[in-house]
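Asks:
In the numbering used here, the protein residues as written are 10 to 90.
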């Protein structure tokens, strides 16, 4: 299956997936939906995030903003022994 087809099916089945995710652990989720673990899997997480938190901007943007701030704080506060 090509990536555009995966994304289309992902969007169409999102409610089923989100119900499953609420009930099962990470290993079971990754076993059932192995596309999460693929190189483009982060885009599927973004689709899920947008469905759950539609009033917020995309997960990737928020993650990039937060991670760069976190790295800056860690660089300032953590010193080698």
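We put the beta carbon where it would ideally sit given N, CA and C, even for glycine.
These numbers were taken from a predicted model, which means no experiment stands behind them.
In whole angstroms, what separates the C-alpha of residue 21 from that of residue 75?
Replies: On the chain shown, position 12 is the one that residue 21 refers to. On the chain shown, position 66 is the one that residue 75 refers to. Their Cα atoms are separated by approximately 30 Å.
Asks: Use the C-beta contact count for residue 27: other C-beta atoms within 10 angstroms, 16 or more gives buried, fewer gives exposed.
Replies: The count along the chain shown starts at 1 and reaches residue 27 at position 18. The residue is exposed, with fewer than 16 neighbouring Cβ atoms inside 10 Å.
Asks: Cutting at 8 Å between CB atoms, please list the residues of its own chain near residue 50, excluding the five before and the five after it.
Replies: Position 41 of the chain shown, counted from the first residue, corresponds to residue 50. Cβ within range, chain order: 44.
Asks: Relative to the C-alpha of residue 70, which residue among 35, 58, 81 is closest?
Replies: By 1-based counting over the chain shown, the position of residue 70 is 61. Nearest of 35, 58, 81 to residue 70, Cα basis: 58.
Asks: Would you say residue 41 and residue 29 are within 8 Å of each other, going by their C-beta atoms?
Replies: As a first step, residue 41 must be located in the chain shown, where it is residue number 32. As a first step, residue 29 must be located in the chain shown, where it is residue number 20. Closer than 8 Å, so yes.
Asks: In the DSSP assignment, find the unbroken alpha helix (DSSP H) run with residue 13 in it and report its ends.
Replies: Start at 1 with the first residue of the chain shown, and residue 13 comes out as number 4. Taken as a continuous stretch (DSSP letters only), the alpha helix (DSSP H) holding residue 13 covers 12 to 21.
Asks: Quick one: what does DSSP say residue 25 is sitting in, helix, strand or coil?
Replies: Mapped onto the chain shown, residue 25 falls at position 16. Three-state result, residue 25: helix.
Asks: Can you tell me whether residue 51 is helix, strand or coil according to DSSP?
Replies: Your numbering for residue 51 matches position 42 in the chain shown. Looking at residue 51 - three-state DSSP - the assignment turns out to be helix.
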